[in-house]
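To start, the structure under review is shown below, and the notes come after it.
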Ligand code: SF4
Ligand code: SF4
Ligand code: SF4
């Protein structure tokens, strides 16, 4: 019974999509004109596991926030209207808050995906691994790269099953894009401006995950 209700909701979620898209487009156009809001974020946002198909996420997500509430590590938040009218309310993985361990320490299966009633978040079939994005280093903001100072924060926290960060002889880190899954642990650990980061804004770090 519950499964049937879930299926109905999933179907309803996909059925709503056209109306939602039209409504979002109309509201977006009005808001962009009236308030000078952006249609899309300045840079693409990282989505929760299973939300990497942007078209499906946009079409199916009903902005209910269940994925956000289900995250045990509070990694997720809703996209703000000021970030982009079209995606407002969609879930964002925000690594300034925490990083995503794919719920390995909370049962083993991503809770956000299980909580989604519409299929907007859907894992790839056959246990294919989920990649949220790839971490990128901004050398101008990274201490070892920019100043030669010693810093191993990102290197230390990259989970042992990925080991995606290596350091050269001068201690300068680099990311192996073949190994990185975009978990955000490095971004979360990177120095904040108040801790001495060279990055100019509170939410920016010298290593940041970019969606694929
Ligand atoms: S997989 Fe788990 S830790 Fe990662 S965003 Fe989803 S609920 Fe949060
Ligand atoms: S649970 Fe699904 S439908 Fe609800 S906000 Fe999250 S992605 Fe969207
Ligand atoms: S996002 Fe950072 S910590 Fe996570 S796998 Fe990639 S390099 Fe390692």
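Numbering (the numbering used here), first residue to last: 510 to 721. All C-beta atoms in this analysis are idealised placements derived from N, C-alpha and C, irrespective of residue type, glycine included.
Cβ of residue 591 within 9 angstroms of Cβ of residue 547? On the chain shown, position 82 is the one that residue 591 refers to. On the chain shown, position 38 is the one that residue 547 refers to. Going by C-beta atoms, residue 591 is nearer than 9 angstroms to residue 547.
With distances taken Cα to Cα, identify the nearest neighbour of residue 719 among 711, 691 and 706. Within the chain shown, residue 719 is the residue found at index 210, counting from 1. Nearest of 711, 691 and 706 to residue 719, Cα basis: 691.
Tell me which residues share the same chain as residue 654 and place their Cβ nearer than 6 angstroms to its Cβ, disregarding the 5 neighbours each side in the sequence. As a first step, residue 654 must be located in the chain shown, where it is residue number 145. Cβ within range, chain order: 648 and 681.
Please find out if some non-hydrogen atom of ligand 3 comes closer than 8 angstroms to the beta-carbon of residue 636. As a working note, residue 636 is residue 127 in the chain shown. No, since every heavy atom of ligand 3 falls outside the 8 angstroms radius drawn around the Cβ of residue 636.
Apart from the five residues just before and just after residue 531, which ones in its own chain have a Cβ nearer than 8 angstroms to its Cβ? Position 22 of the chain shown, counting from 1, holds the residue named residue 531. Note that residue 531 scores a pLDDT of 49, beneath 50, so its modelled location is shaky; the value from the coordinates is reported in the next line. Once the five neighbours on either side are set aside, residue 531 has no close Cβ partner at all.
If you draw a straight line from the C-alpha of residue 713 to the C-alpha of residue 696, how long is it? The residue you call residue 713 lines up with position 204 of the chain shown. The residue you call residue 696 lines up with position 187 of the chain shown. Looking at the two C-alpha atoms, the distance is approximately 9 angstroms.
Using 8 angstroms as the cut-off, classify the Cβ of residue 688 as near or not near the heavy atoms of ligand 5, replying yes or no. This structure simply doesn't include ligand 5; it includes ligand 1, ligand 2 and ligand 3 instead.
Chain-ordered list of residues that sit, by beta carbon, closer than 7 angstroms to a heavy atom of ligand 1: Taking a cut-off of 7 angstroms from the heavy atoms of ligand 1, the residues with a C-beta inside it are 557, 558, 576, 579, 580, 581, 582, 584, 585, 602, 609, 610, 611, 612, 615, 619, 620, 621 and 622.
Is the CB-CB distance between residue 558 and residue 601 below 9 angstroms? In the chain shown, residue 558 corresponds to position 49, counting from 1. In the chain shown, residue 601 corresponds to position 92, counting from 1. The answer is no: Cβ separation not under 9 angstroms.
If contacts are defined as beta-carbon pairs under 8 angstroms, then residue 585 and residue 576 qualify, I think. What distance do you get, rounded to the angstrom? Sequence index remark: in the chain shown, residue 585 carries index 76 (1-based). Sequence index remark: in the chain shown, residue 576 carries index 67 (1-based). Correct: roughly 6 angstroms between the Cβ atoms.
Let me know the secondary structure DSSP gives residue 718 once reduced to three states. The count along the chain shown starts at 1 and reaches residue 718 at position 209. The answer is strand: DSSP assigns residue 718 an E or B state.
When DSSP labels each residue in this structure, what does residue 595 get in the three-state scheme? On the chain shown, position 86 is the one that residue 595 refers to. Here residue 595 sits in coil by DSSP.
Where do the N-terminal and C-terminal ends of the beta strand (DSSP E) with residue 459 fall, by residue? This structure cannot speak to residue 459, because the chain is shown only from 510 to 721.
Cβ of residue 716 within 8 angstroms of any heavy atom in ligand 3? Reading the chain shown from its first residue, position 207 is the one you call residue 716. Within the cutoff, so yes.
Specify the secondary structure class of residue 697 as computed by DSSP and reduced to three states. Residue numbering aside, residue 697 sits at position 188 when the chain shown is read from its first letter. Correct three-state label for residue 697: helix.
Is the separation between the beta-carbon of residue 650 and that of residue 694 shorter than 9 angstroms? The count along the chain shown starts at 1 and reaches residue 650 at position 141. The count along the chain shown starts at 1 and reaches residue 694 at position 185. No, Cβ-Cβ distance for residue 650 and residue 694 is not below 9 angstroms.
Where does residue 569 fall in DSSP's three states? The residue given as residue 569 occupies position 60 in the chain shown. Residue 569: helix per DSSP, three-state reduction.
For residue 629, count the other beta carbons within 10 Å of its own beta carbon; 16 or more makes it buried, fewer makes it exposed. Which is it? As a first step, residue 629 is located in the chain shown; it is residue number 120 there, counting from the start. Buried, by the Cβ-count rule.
My assumption, with CB atoms under 8 angstroms, is that residue 715 sits in contact with residue 708. Please give the rounded CB distance. To locate residue 715, count along the chain shown from 1; it is residue 206. To locate residue 708, count along the chain shown from 1; it is residue 199. The pair is a contact, with the Cβ atoms about 6 angstroms apart (cut-off 8 angstroms).
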